[in-house]
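J.: My questions will all concern the structure given below.
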Amino acid sequence: MSCGSSNAANALAGQQQQQQQWTDRAIENINNAFAGFTPQFYQGAGRAYQNYALPQLQQQFAMNQNQLNSNLANQGILNSSYAQQARAGLSGALNQGQQQIAGQALQQQQQLQQQVGQEKNQLYSQAQTTNNPSQIGQQALGIAANTTAPSTFAPIGNFFNQFGQQYLAGQNANTYNNFANQYLNTLSNPSLFGQQMYSPFYSQLPSNQLQ
Amino acid sequence: MACGTIALLGSLAGTGASLGASALENNAMNKATNQELVRNQGFVNQARNTFNTSQQLSTPQAAQNQINQGKQQSLGYINSSALPSATLSMPQNAIPQNAGGNALQSGQNARNQLSNQASAGLQGYSNFGLQQYLKDLQANSNLGLIGNEANAWKNILPYQLQAASQSQTGLSTLGSLLSTGSNLAGLYGLTSSPSLGNMLGNSRLNQLGSLGQQGLFPMSTGMSDWNISPFATNLG
C-alpha cells in the first residue's frame, strides 16, 4: 500500500533520463557534423599555403639567379670557383625558403586542427544542458561549414636577402670587376699603357692584327 | 471477555501493521540508496576508463609516436615544396667545367638534406603539443559530461528517500487505527464488564451509582443524563 507517497522523485528521475537522452543525441549530431574533418582536410590548409607561397619563392629565386648570372658574366667569372660558391649559396638560400614555407604550411594545418577541436568542445558543453538536440546539430553543421583555412595569408618575406647582400653586393665582385675591366680595356686599347701588350690569345688573333 | 480478546487481537494487528509499514519503508529507502550507489559506481567506472585512456596517450612511447608523426608531416611539406627542376636549370654556358663545381654543389645538397631532417624533427614537437592539447580537451569534456550526470542523479536521491519513507503511509495509518480502536474497545469492555464489579466490590459500584444519581458522576444510562449538572445535588 503506497497511499500518500510523493511522485516528485519519479518525475525528477524521468526528467533526468530525458535530459540524458537529449545529451546523447546532441553529441551524436555533433560528431556527425564534424565527421568531415579528416587528416586530409587539415592537410588541405597546408597545401593551400604552399600554393600561395611557393610561386613567390620561385619568382624570388629566378630573379636572384638571373641577377647572379648577369653579374658573373659581366665580370667574366662565369666559370670561376667564386661562381660555384655563389651558386651553392643560392641553393642553400632556396632550401631555407622551402623549409620556412613547409613550416608555415604545417602551422596552418595545426592551427586549423586546434580551432576545430575548440569549437567541437564548446558544442559538447552546450549539449549537456540542451533540450533540443536537433538545434545543436544544426549549429554544429553551421560551424563546420564555416570552418576553413584563412582567406588571406601574410605576405612572405624576401628569402634571398642575405644571399643578395653576401654575393650580389659583395666586395669580391667589385674586386673581380676592376680586374676584368682593366684587362678588357687593355685588350681593346693597348695605348692606355703606352706600350705594346700581348693578349694571352695572341696566336689566335687575325694576321692583320699580329705585330 | 470477548471485547478484551478482540481488543488484544486488534492491538496486535495494529502493531504488526505499523511494524510492517516501517520495515517496508526501510527496505524502500535501502533500495533507493543501493540503486544510487550502483549508478554512481557506474559513473566512477566510466570516469576511470576515460582517465586511463587519456593517460595512455601521454606515455613516452605515445609522445614519441606523435613526434614522429609530426616529423613525417613536416618532411612531406618540405619535399612537396621543392621547386620544379626547370627553375633550377642554369644557362648552358654557365655549366661549370672545373671539377670543383660539382663538389661544392654536392656538399651544399648534403647540407640541405641534413638541414631538412633537423627542421622536420623540430617541427615534430609542435605536433606533440597539439595532440596532447586535443586529447586533454576531449578527456575533460567527457569527464564533465560524466560528472554532471552523476551530480544530477545524486541531487534526486533525497527526493527518492523521502518518497520511500512515505511509501507505506496507508499501512502505517491502518496500524495506528487498529491499535487505537482496539484500545478503545478494550476500555469499553473493561468498564462494562461484570467482572470489574466483582473486582471492585458491589458496594463500591453502588456508591458510584448513587453518585451518578446525584448527578455528580454521569452514568451511561442515556443521553439525557448528560444534561444533569455535575455540581447539582439532591436533584431527585
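Protein sequence lines correspond, in order, to chains A and B. Counting in my numbering, the first sequence runs from 1 upward without gaps. Counting in my numbering, the second sequence runs from 212 upward without gaps. Beta carbons are placed, not taken as given, at the ideal position from N, Cα and C, and that holds for glycine.
1. Leu220 (chain B) CB to nearest chain A CB: under 7 Å?
2. Report the option in A:Asn29, A:Asn161, A:Gln108, A:Asn10 whose CA atom is closest to the CA atom of Ile143 (chain A).
3. Could you tell me which chain B residues have their CB closer than 7 Å to the CB of Leu12 (chain A), listed as they occur along the chain?
4. If Asn323 (chain B) and Gly92 (chain A) are in contact, beta carbons under 8 Å, what's the gap, nearest whole angstrom?
5. For Pro369 (chain B) and Ala228 (chain B), what's the separation of their Cα atoms in angstroms?
6. List the residues of chain A that Ser193 (chain B) touches, going by C-beta distances under 8 Å, in chain order.
7. Could you tell me the alpha carbon to alpha carbon distance between Gly215 (chain B) and Gly392 (chain B), rounded to whole angstroms?
8. So, Ala105 (chain A) versus Gln60 (chain A), is the Cβ gap smaller than 7 Å?
9. In this structure, how does DSSP classify Ala13 (chain A) when only helix, strand and coil are distinguished?
10. What residues from chain A crowd round Gln319 (chain B), counting only those whose CB sits closer than 7 Å?
11. Whose Cβ in chain B lies nearer than 7 Å to the Cβ of Ile101 (chain A)?
12. Check the Cβ of Gly36 (chain A) against every Cβ in chain B and list those closer than 8 Å, keeping chain order.
13. Should Tyr288 (chain B) be flagged as near chain A, meaning a C-beta pair shorter than 7 Å?
14. Output, in chain order, the set of chain A residues within a Cβ distance shorter than 7 Å of Glu360 (chain B).
15. In chain order, which continuous runs of the alpha helix (DSSP H) of length 4 or greater are located wholly inside the segment 95–144 of chain A?
16. Skipping 5 residues on each side, what residues in its chain have a beta carbon closer than 7 Å to that of Ala232 (chain B)?
17. Using a Cβ cut-off of 7 Å, pull out every chain A residue sitting near Tyr336 (chain B), in sequence order please.
18. What whole-angstrom Cβ distance do Ala9 (chain A) and Gln371 (chain B) have, given they're in contact under 8 Å?
19. Return the residues of the segment 252–278 of chain B that lie within a Cβ-Cβ distance of less than 8 Å from chain A, sorted by chain order.
20. May I ask which residues mark the beginning and end of the alpha helix (DSSP H) holding Asn241 (chain B)?
21. When the Cβ atoms of the segment 156–169 of chain A are set against those of the segment 83–92 of chain A, are three or more pairs found closer than 8 Å?
22. Give every residue of the same chain whose Cβ lies closer than 7 Å to the Cβ of Trp364 (chain B), excluding the five residues on either side of it in the sequence, and list them in chain order.
23. Would you mind stating whether Ala375 (chain B) and Ala258 (chain B) have Cβ atoms separated by less than 7 Å?
24. What is the DSSP secondary structure of Gly420 (chain B), counted as helix, strand or coil?
25. Inspect the beta-carbon positions of Asn261 (chain B) and Ala361 (chain B) and report whether they are closer than 7 Å.
26. What does Gly76 (chain A) touch in chain B if you count any residue whose Cβ is under 8 Å from its own?
27. Apart from the five residues just before and just after Leu235 (chain B), which ones in its own chain have a Cβ nearer than 6 Å to its Cβ?
28. Looking at the unbroken alpha helix (DSSP H) that takes in Asn51 (chain A), where does it start and where does it end?
29. Under the rule that 16 or more other beta-carbon atoms within 10 Å means buried, what is Ser390 (chain B), buried or exposed?
30. To the nearest whole angstrom, what separates the beta carbons of Gly97 (chain A) and Phe159 (chain A), a pair I think is in contact under 8 Å?
31. Looking at Gln283 (chain B): is its Cβ nearer than 7 Å to the Cβ of Asn338 (chain B)?
32. So, at 6 Å on beta carbons, what are the nonlocal neighbours of Glu119 (chain A) in its own chain, with the 5 sequence-adjacent residues on each side left out?
T.: Quick answer:
1. Working through the second sequence from its first residue, we reach residue 220 (chain B) at position 9. Answer no: the Cβ-Cβ gap between Leu220 (chain B) and chain A never drops below 7 Å.
2. In the first sequence, counting from the first residue as 1, residue 143 (chain A) sits at position 143. For Ile143 (chain A), the nearest C-alpha among the options comes from A:Asn29.
3. The residue labelled residue 12 (chain A) in the question sits at position 12 within the first sequence. Ile367, Tyr370, listed in chain order.
4. Stepping through the second sequence from its first residue, residue 323 (chain B) is reached at position 112. Stepping through the first sequence from its first residue, residue 92 (chain A) is reached at position 92. Between Gly92 (chain A) and Asn323 (chain B) the Cβ distance is about 7 Å, and since that is below 8 Å, they are a contact.
5. For the purposes of this step, residue 369 (chain B) is taken as the residue at position 158 of the second sequence. For the purposes of this step, residue 228 (chain B) is taken as the residue at position 17 of the second sequence. Whole-angstrom Cα-Cα distance: 26 Å.
6. Because residue 193 (chain B) is not part of the residues shown, which for chain B are 212 to 447, the question remains open.
7. The residue labelled residue 215 (chain B) in the question sits at position 4 within the second sequence. The residue labelled residue 392 (chain B) in the question sits at position 181 within the second sequence. Those two C-alpha atoms are separated by around 12 Å.
8. Taking the first residue of the first sequence as 1, we reach residue 105 (chain A) at position 105. Taking the first residue of the first sequence as 1, we reach residue 60 (chain A) at position 60. No, these two residues do not count as a Cβ contact at 7 Å.
9. Looking up residue 13 (chain A) in the first sequence gives position 13. Correct three-state label for Ala13 (chain A): helix.
10. For this step, residue 319 (chain B) is matched to residue 108 along the second sequence. Close partners of Gln319 (chain B) in chain A (Cβ separation under 7 Å): Ala88, Ser91, Gly92.
11. Your numbering for residue 101 (chain A) matches position 101 in the first sequence. Those within 7 Å of Ile101 (chain A) in chain B are Ser292.
12. As a first step, residue 36 (chain A) is located in the first sequence; it is residue number 36 there, counting from the start. Within chain B, no residue comes near Gly36 (chain A); the closest Cβ sits about 17 Å away, beyond 8 Å.
13. Along the second sequence, one-based indexing puts residue 288 (chain B) at 77. Answer yes: the Cβ-Cβ gap between Tyr288 (chain B) and chain A drops below 7 Å somewhere.
14. As a position in the second sequence, residue 360 (chain B) is number 149, starting the count at 1. Listed along the chain, the chain A residues whose CB falls inside 7 Å of the CB of Glu360 (chain B) are Gln20.
15. Listed in chain order, nothing qualifies, since the segment 95–144 of chain A has no complete alpha helix (DSSP H) run of 4 or more residues.
16. Within the second sequence, numbered from 1, the residue matching residue 232 (chain B) stands at position 21. Taking C-beta separations shorter than 7 Å and ignoring five residues to either side along the sequence, the partners of Ala232 (chain B) in its chain run Gln379, Leu382, Ser383, Gly386, following chain order.
17. Position 125 of the second sequence, counted from the start, is the residue given in the question as residue 336 (chain B). Counting only Cβ-Cβ distances below 7 Å, Tyr336 (chain B) has no contacts in chain A at all, with the closest Cβ about 11 Å away.
18. Mapped onto the first sequence, residue 9 (chain A) falls at position 9. Mapped onto the second sequence, residue 371 (chain B) falls at position 160. About 4 Å; that satisfies the 8 Å criterion.
19. Taking a C-beta cut-off of 8 Å against chain A, none of the residues of the segment 252–278 of chain B qualify.
20. Reading the second sequence from its first residue, position 30 is the one you call residue 241 (chain B). Annotation: the continuous alpha helix (DSSP H) that includes Asn241 (chain B) extends over 213–267.
21. Counting Cβ pairs under 8 Å, three or more are found: they touch.
22. Your numbering for residue 364 (chain B) matches position 153 in the second sequence. Once the five neighbours on either side are set aside, the close Cβ partners of Trp364 (chain B) are Glu247, Arg250.
23. As a working mapping, residue 375 (chain B) is identified with position 164 in the second sequence. As a working mapping, residue 258 (chain B) is identified with position 47 in the second sequence. Cβ distance not < 7 Å, so Ala375 (chain B) and Ala258 (chain B) don't count as in contact.
24. Here residue 420 (chain B) refers to the residue found at position 209 when the second sequence is read from its first residue. Because the pLDDT at Gly420 (chain B) is just 49, under 50, the model does not fix this residue reliably, and the value given afterwards should be weighed accordingly. DSSP, reduced to helix, strand and coil, places Gly420 (chain B) within a helical segment of the structure shown.
25. The residue labelled residue 261 (chain B) in the question sits at position 50 within the second sequence. The residue labelled residue 361 (chain B) in the question sits at position 150 within the second sequence. A small correction: the amino acid at residue 261 (chain B) is Thr; Asn does not occupy that position in the sequence shown. When the beta-carbon positions are compared, Thr261 (chain B) and Ala361 (chain B) stay at least 7 Å from each other.
26. Mapped onto the first sequence, residue 76 (chain A) falls at position 76. Result: empty, since nearest Cβ-Cβ is about 12 Å, beyond 8 Å.
27. Translated into the one-based positions of the second sequence, residue 235 (chain B) becomes position 24. Within its own chain, the residues whose Cβ lies closer than 6 Å to the Cβ of Leu235 (chain B), once the five positions on either side in sequence are excluded, are Gln379, listed in chain order.
28. Counted from its first residue, the first sequence places residue 51 (chain A) at position 51. Asn51 (chain A) -> alpha helix (DSSP H) spans 39–75.
29. Here residue 390 (chain B) refers to the residue found at position 179 of the second sequence. Buried.
30. What you label residue 97 (chain A) is simply residue 97 of the first sequence in a count that begins at 1. What you label residue 159 (chain A) is simply residue 159 of the first sequence in a count that begins at 1. So it is a contact: roughly 3 Å between Cβ atoms.
31. Taking the first residue of the second sequence as position 1, residue 283 (chain B) is located at position 72. Taking the first residue of the second sequence as position 1, residue 338 (chain B) is located at position 127. Contact: no.
32. Here residue 119 (chain A) corresponds to residue number 119 of the first sequence, with the count starting at 1. Hits under 6 Å: Ile143.
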